[in-house]
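Novice: Residue numbers (the UniProt record's numbering): 1 to 389. For each residue, glycine too, the CB sits at the ideal point set by N, CA and C.
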């Protein structure tokens, strides 16, 4: 879901003002445009016909979109890392059908991009979170379809061959350079890719995943490169929507198991701990068959918590999951406790996890990522604060 920060609301960048310096050092108020009227955008109302590779690219008729990569990597010696690289697109206004003559500035753009990049160094229990912003203009950020290319400055996801995407990101402390191979067709989440997030019509996204993607390359930490391999999960969602009133946060799980199966669950939470009835998930069998899951199909229990020393937020930190219709029982926990992002747009926990369990008589082991939002700040309060009155 992402945030994924599904981040249908948390990355509402059109309510933020962020100064940015150009090459000459001049401050650019690049988020000064007024908030867009969502009625001007398309909404996810019904299942749609998907066309790949075209649908790997941007859908600018919708207000919000994100491309989300997470992975669990290890060296041959067993040193483990997790990573997240996510690109967000937020439209300030719909793209005009024809260019406007008096708005020809090269700096003008209706599209705002942000990106989150994290490395989890499991051995050192060190978390490296980063965030960037840019307008989608003068080559600073954007999304292209054929070949597939999403980028923000030198952070990027780039198709280098059919079915192969190179992920690159670097900072002063850490970097990644990974080759991700698509070996399965996209998993269409929800109703043929229509993922319902709220009870009002249009409170939904178009959502697919690429799972069990073999990945190789290099992760660099404090100047030391490590050759790694593992599995990457990709989510891509786009929408013009909001969450139902009273939704204070969500918990999102992605798991990739050693037998080739995978599991996605998202739980939309109310303040009293009950779940929004649009909470859902998908189980992907080793051969690729999918089983949709409703909120009534599983039982999830939190067995432990972790309190952030920086924000004071208390996050779930150990779980059991039971899905009787799949004869599936799992127990999981983070690979390290502190994987909290405290960045300009949001505070949330997103980190590498591992799960063990059984399905029928088969033992399962897998790793993945969990995203936890609304524990530091209520989502409904954030959305209200960022919506003009």
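#1: With a CB to CB cut of under 8 Å and the five nearest residues on each side skipped, what residues in its chain are close to residue 347?
#2: How is residue 293 classed by DSSP in three states: helix, strand or coil?
#3: Rounding to the nearest angstrom, what Cα-Cα distance links residue 76 and residue 39 in this structure?
#4: Can you name, in chain order, every residue of its own chain whose Cβ lies under 6 Å from the Cβ of residue 373, other than the five neighbours on each side?
#5: May I ask which residues mark the beginning and end of the beta strand (DSSP E) holding residue 122?
#6: Give me whichever residues DSSP pairs with residue 114 in a beta bridge.
#7: Quick one: give me the first and last residue of the beta strand (DSSP E) that residue 359 is part of.
#8: Taking the alpha-carbon positions, what's the residue 293 to residue 325 distance?
#9: Is it buried or exposed, residue 9, if we count other Cβ atoms within 10 angstroms and call 16 or more buried?
#10: Kindly identify the DSSP beta-bridge partner or partners of residue 166.
#11: Identify the residues that DSSP records as bridge partners of residue 368: which are they?
#12: Compute the Euclidean distance between the alpha carbons of residue 68 and residue 86, then round it to the nearest angstrom.
#13: Suppose you measure from the CA of residue 155 to the CA of residue 66; what does that come to, to the nearest Å?
#14: Output yes or no for whether 8 Å exceeds the beta carbon distance between residue 267 and residue 217.
#15: Residue range of the beta strand (DSSP E) that residue 239 falls in?
#16: Taking only the alpha-carbon atoms, compute the straight-line gap between residue 141 and residue 329 and give it to the nearest angstrom.
#17: How about residue 89 and residue 58: are their beta carbons less than 8 Å apart?
#18: Please state the DSSP three-state secondary structure of residue 457.
#19: How far does the beta strand (DSSP E) with residue 263 in it extend, from its first residue to its last?
#20: As a quick exercise: from 321, 44, 56 and 344, pick the residue whose alpha carbon is nearest that of residue 356.
#21: Going by other Cβ atoms of all chains shown within 10 Å of its Cβ, with 16 needed for buried, is residue 56 buried or exposed?
#22: If you count every other CB in all the chains shown that lies within 10 Å of the CB of residue 224, and 16 or more means buried, which is it?
Specialist: Quick answer:
#1: Working through the chain shown from its first residue, we reach residue 347 at position 347. Setting aside the 5 residues that flank it on each side, residue 347 is surrounded in the same chain by 311, 313, 340, 341, 376 and 377, each with a C-beta closer than 8 Å to its C-beta; the list follows chain order.
#2: Residue numbering aside, residue 293 sits at position 293 when the chain shown is read from its first letter. If DSSP states are grouped into helix, strand and coil, residue 293 belongs with the strands.
#3: Your numbering for residue 76 matches position 76 in the chain shown. Your numbering for residue 39 matches position 39 in the chain shown. Using only the alpha carbons, I get a separation of about 52 Å.
#4: The count along the chain shown starts at 1 and reaches residue 373 at position 373. The answer, listed in chain order, is 249, 250 and 348.
#5: Counting from 1 along the chain shown, the entry for residue 122 is found at position 122. That residue, residue 122, is in no beta strand (DSSP E); it is neither H nor E in DSSP.
#6: On the chain shown, residue 114 is found 114 positions in, with the first residue counted as 1. Paired residues: 88 and 133.
#7: Numbered from 1 along the chain shown, position 359 holds the residue referred to as residue 359. Here the beta strand (DSSP E) through residue 359 covers 347-359.
#8: Taking the chain shown and counting its residues from 1, the one referred to as residue 293 is at position 293. Taking the chain shown and counting its residues from 1, the one referred to as residue 325 is at position 325. The straight-line gap from Cα to Cα measures roughly 9 Å.
#9: As a first step, residue 9 is located in the chain shown; it is residue number 9 there, counting from the start. Because the pLDDT at residue 9 is just 39, under 50, the model does not fix this residue reliably, and the value given afterwards should be weighed accordingly. With 16 or more Cβ atoms within 10 Å of its Cβ, residue 9 is classed as buried.
#10: Here residue 166 is taken as the residue at index 166 of the chain shown, counted from 1. Note: residue 166 sits in a beta bridge opposite 158 and 179.
#11: Position 368 of the chain shown, counted from the first residue, corresponds to residue 368. 255 and 353, per the DSSP bridge assignment.
#12: As a working note, residue 68 is residue 68 in the chain shown. As a working note, residue 86 is residue 86 in the chain shown. When rounded, the distance between both Cα atoms is 4 Å.
#13: For the purposes of this step, residue 155 is taken as residue 155 along the chain shown, with counting starting at 1. For the purposes of this step, residue 66 is taken as residue 66 along the chain shown, with counting starting at 1. Rounded to the nearest angstrom, the two C-alpha atoms are 14 Å apart.
#14: The sequence position of residue 267 within the chain shown is 267, counting from 1. The sequence position of residue 217 within the chain shown is 217, counting from 1. Their beta carbons are not under 8 Å apart, which means residue 267 does not touch residue 217 by this criterion.
#15: Within the chain shown, residue 239 is the residue found at index 239, counting from 1. Element bounds for residue 239: 224-239.
#16: Counted from its first residue, the chain shown places residue 141 at position 141. Counted from its first residue, the chain shown places residue 329 at position 329. The alpha-carbon atoms of residue 141 and residue 329 are separated by roughly 42 Å.
#17: Sequence index remark: in the chain shown, residue 89 carries index 89 (1-based). Sequence index remark: in the chain shown, residue 58 carries index 58 (1-based). Going by C-beta atoms, residue 89 is nearer than 8 Å to residue 58.
#18: The chain is shown only over 1 to 389; residue 457 falls outside these bounds and no answer can be derived.
#19: To locate residue 263, count along the chain shown from 1; it is residue 263. Its beta strand (DSSP E) spans residues 262-270.
#20: Indexing the chain shown from 1 puts residue 356 at position 356. Nearest of 321, 44, 56 and 344 to residue 356, Cα basis: 321.
#21: Taking the first residue of the chain shown as 1, we reach residue 56 at position 56. Buried, because 16 or more other Cβ atoms sit within 10 Å of the Cβ of residue 56.
#22: Stepping through the chain shown from its first residue, residue 224 is reached at position 224. So residue 224 counts as exposed.
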